[in-house]
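Protein chains in written order, with the working numbering: chain U, 1 to 468; chain C, 1001 to 1591.
Report on one structure; see the data block that follows.
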Ligand SMILES: Nc1ncnc2c1ncn2[C@@H]1O[C@H](COP(=O)(O)OP(=O)(O)OP(=O)(O)O)[C@@H](O)[C@H]1O
Ligand SMILES: [Mg+2]
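Next comes the structure, spelled out in structure tokens:
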């Protein structure tokens, strides 16, 4: 910041106005102010003297539009005071925040005192220079076969769970948080958990699960629950990621960020956009939803020469189980793969109910194989995908012509499919399989097929693992 | 940059700023805003007000902040040092920014696009001396920019005239004097670089018909849906269907001289991937590092949206500059949809009337203008060069009927449609052989036939016909099961399955398969067609499908892409001979 800018800011910082001109949903409009900065922090003081946090969304000579995160209920036009702080919305961050619970704006809500802070950081963060990134390639063993074997999670990846209402995404996320490890690495880790618009019992479920495994001291929770003002959700992931960035890139920790539910986040964004009369794109969501989500999801990864990492595990529920809905669709265009749940598999009692084919990990290519997992892993997973995709065709055929009419080969595929779903995909929510176990079960599945059908594995691999 | 104040901010709405009290500004002028001197561009002028699109985050900008004029439009610097560099959407050098500002891109940090300190060895062109007449676009000499790129120092457009001075052979920085030219309107001191406004196409002598393929080493592309040098192609596909992988594969292995890769609103890690991988990859044609021919433009999804809008123009301008030096340049833009969405976002903030799905009405015009900058040209100095544009399209919900895909389709002549089903089955590249097309087939078949014999086009048609037939047969199978078909028809399905597994599928991660030489592609096709023709005959002679399917040689055909090296045509001949023998034997038994 230049000197003249500093002086001018200091002069104007903290100027306060009594009375606002208009309130509409979470937005407050004030006329005739001094020049107010775009995205400047605002303190909104109500009649009782309570302070709410706001942010400038639009500023001009005429009018300033402020969004108020705690909502506007109870505010009156004449008795509300607005204080323009002359600086962006920031939070204090420190390692002492681990083990604590905060609201979406980073204020403690566990009854404890505000933790000491190492630094004060702008919650919007800054884009990482692509040349500063270190390409993520460390395999994380989650102990869950369908993930480790087929959609491998890599440290520094952003890998969302695309789920639906009532499906066990929380169980899976908690299981991953519990079991995730890098073989032979015990460095510092932390979990940052951001809840947007989910119910109390969901938050409770995660807290219990962290307590049960004794890691709660390494977890910071940012809760903006279903009964909190919906507008607060638009800032919650940013607050959480600001702490995550501090822990990862200033303190060298490996941070797992769980964010649930991104669909609620997007709905809050839509709410504000509609209120402001912006031109909508698909399903009423604002045209900038892609860029907005990217600002969140891209705050993950690793940096060259700096030890820590941010791995993101966002959870989103697909409205109507529709993967082409804007929220999962735009997320899929930004994240590095997706774990997709299927209601039908859940109905058949398969846990985790992960649909193999639409699930994908884009970073697994550089994190699996010889020296990382096992040399047969890349070809094995490829072959399993190919065979499983054929199973789906055969099942469709069987539903038309009847199973009896299938060729003997197709029968073998059906058998392979059953085994794959029941023994490879399905496991207990407390079962922690090693990568070798996972790959071996994969080969057991392939052994249900004749060897001529296996085009994607090499002859050496067949000699070594097929039908052992 | 000058400190000429041309007006004040009156409103800030995201990346769009309104200004008042505007004096002496021009449309599309590059401006700086506020204390941080953020970069912006005037996109609307009306009386004393203006609308400015800002290329950096506008947090903290206030009404009343000053706007400074530059007197010139948004431009890029053209000169040696571009190759091997990674820029953001408005040509800020990201590696230099990293050094200056740390891991995160801070606002207002600027660095010149071309290094001012580096010395380049200049060799003046033969036969030029003081007194020679020189034309715009003419080369005054060369600089070896990288192992494989010889950079021509071109007389800038509009600066024809009499050469008064020419730098002698020696080492120079780009800001030193290259020449002095007496032009129609005064003497012009020419440096080793110049500027060009990114929204204006660089002039050429004339546009030529396309005749050469852009050979990519990707079989489904080269053999089924070829692209021509100077041509345009769109790659549409839902998320995760393989647009980026296809673009990376083409960037790595195609036979262009220069690659401009634009990451437009996509992932940061994908650019890191390129940065990490390209320097170590060797171009099979020249033996030089792939980074020696590549320029990267990275305006990732979390970087400012206006700079994303500018990034594709920055990219195509750099490409035209190398075309003007007589090179064949290929541009990859990943993804043009993000660029279109940037247009939409900016238009929305300017409160323009939306047309389809919120996009501005001028979207098709902008798409057309961009793809029109491709072409095979006779450049100003009479040599030939080309710009080929390969644009990814990311349709919402994977639905190709949306505006960006539809309008793009009107302006490109080649279409590689990615198919979700294929991608889910891990059939990569997931380029659909049913939805895709190339209008360059006739343009490039001449080249193929001189390089690989006269049967190329015929073989391709034969295979495409089989694939079409297979679709109909599969529909029957879906209704009544495969047993209802006679062996002759089931064999067509069999051949197509083989063709898909052995030929169309290509593993980008395999050391051999990631790239297929022209010769290998031709031989692979011939062998599969031989199997098809001989097999059809054999079935007519009463041999069963099962017997054909169980020939050991079929397994080897499936694996030839992985097991036979690109230049090992002997092995291909041997494989073919074994197929012939196996067929002969089968037929003998049944005679
Ligand atoms: N030719 C290929 N060979 C092997 N794997 C591939 C190939 N093409 C795509 N894939 C696989 O598909 C994944 C997704 O591909 P890619 O990143 O190119 O998709 P995309 O279409 O660019 O998606 P998005 O629109 O989300 O950017 C890759 O990470 C890789 O695992
Ligand atoms: Mg992509």
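Glycine included, every Cβ here is placed at the ideal spot set by N, Cα and C.
None of these values were measured; they are calculated from a predicted model.
Following a CB-centred definition, is residue i positioned closer than 7 Å to any heavy atom of ligand 2?
i               : result
residue 1511(C) : no
residue 1252(C) : no
residue 963(C)  : No statement about residue 963(C) is possible, as the shown extent of chain C runs from 1001 to 1591 and does not include it.
residue 365(U)  : no
residue 199(U)  : no
residue 298(U)  : no
residue 1266(C) : yes
residue 1300(C) : no
residue 1336(C) : no
residue 1243(C) : yes
Thinking C-beta only, is residue j closer than 8 Å to residue i?
i               : j               : result
residue 1188(C) : residue 1176(C) : no
residue 195(U)  : residue 203(U)  : yes
residue 255(U)  : residue 309(U)  : yes
residue 1068(C) : residue 1116(C) : no
residue 1558(C) : residue 455(U)  : yes
residue 1077(C) : residue 1219(C) : no
residue 1065(C) : residue 1034(C) : yes
residue 1374(C) : residue 1231(C) : yes
residue 433(U)  : residue 1272(C) : no
Using a C-beta to C-beta distance shorter than 7 Å, which residues of chain U count as neighbours of residue i?
i               : result
residue 1105(C) : 126, 127, 129
residue 1298(C) : 130
residue 1398(C) : 324
Residue i touches chain U at which residues, Cβ-Cβ below 8 Å?
i               : result
residue 1509(C) : 365, 378
residue 1478(C) : 396, 397, 400
residue 1267(C) : 298, 334, 336
residue 1066(C) : Under the 8 Å cutoff, chain U gives no residues; its nearest Cβ is about 11 Å from residue 1066(C).
residue 1501(C) : 455
Within the same chain, show all residues whose beta-carbon is closer than 8 Å to that of residue i, passing over the 5 residues directly before and after it, in chain order.
i               : result
residue 1338(C) : 1264, 1265, 1266, 1301, 1308, 1394
residue 14(U)   : 83, 84, 85, 86
residue 1350(C) : 1016, 1043, 1044, 1051
residue 1001(C) : Unreliable placement is indicated for residue 1001(C), whose pLDDT of 46 sits below 50; the coordinate value is still reported in the next sentence. Contacts found: 1032, 1037, 1068, 1070.
residue 1008(C) : 1019, 1020, 1021, 1063, 1064, 1065, 1066, 1067
Chain C partners of residue i, CB-CB under 9 Å?
i              : result
residue 385(U) : 1424, 1425, 1426
residue 301(U) : 1268, 1269, 1272
Just to make sure I have the definition right: I need the residues of chain U whose C-beta is within less than 9 Å of the C-beta of residue i. Which are they?
i               : result
residue 1273(C) : 135, 366
residue 1097(C) : 129, 131
residue 1094(C) : 129, 130, 131, 132
residue 1555(C) : 452, 455
Could you check whether the Cβ of residue i sits closer than 7 Å to any heavy atom belonging to ligand 1?
i               : result
residue 1045(C) : no
residue 1429(C) : yes
residue 1560(C) : no
residue 1139(C) : no
residue 1531(C) : no
residue 1420(C) : no
residue 1394(C) : yes
So which residues on chain C does residue i lean against when the C-beta distance must stay under 7 Å?
i              : result
residue 38(U)  : 1012, 1058, 1059, 1060, 1061
residue 474(U) : In the structure as shown, chain U starts at 1 and stops at 468, and residue 474(U) therefore has no counterpart that could be examined.
residue 229(U) : Those do not exist, as residue 229(U) stays about 23 Å from chain C at its closest Cβ, beyond 7 Å.
If I measure Cβ to Cβ from residue i and keep anything under 7 Å in the same chain, skipping five residues before and after, which residues do I get?
i               : result
residue 448(U)  : 412, 415, 416, 419
residue 367(U)  : 137, 138, 139, 152, 154
residue 1436(C) : 1225, 1415, 1416, 1417
residue 1423(C) : 1240, 1241, 1242, 1430
Using a C-beta cutoff of 8 Å, does residue i count as contacting chain B?
i               : result
residue 1247(C) : Looking at the structure shown, chain B is missing, and the protein chains on hand are U and C.
For residue i, which residues of its own chain have a beta-carbon under 6 Å away from its beta-carbon, when the five flanking residues on both sides are left out?
i               : result
residue 1401(C) : none
residue 259(U)  : 194, 237, 314
residue 216(U)  : 210
Taking C-beta pairs closer than 8 Å, name the residues in chain C that residue i reaches, listed in chain order.
i              : result
residue 287(U) : 1341, 1344, 1345, 1348, 1358
residue 389(U) : 1424, 1425, 1426
residue 471(U) : Chain U is shown from 1 up to 468; residue 471(U) falls before or after that span and cannot be answered.
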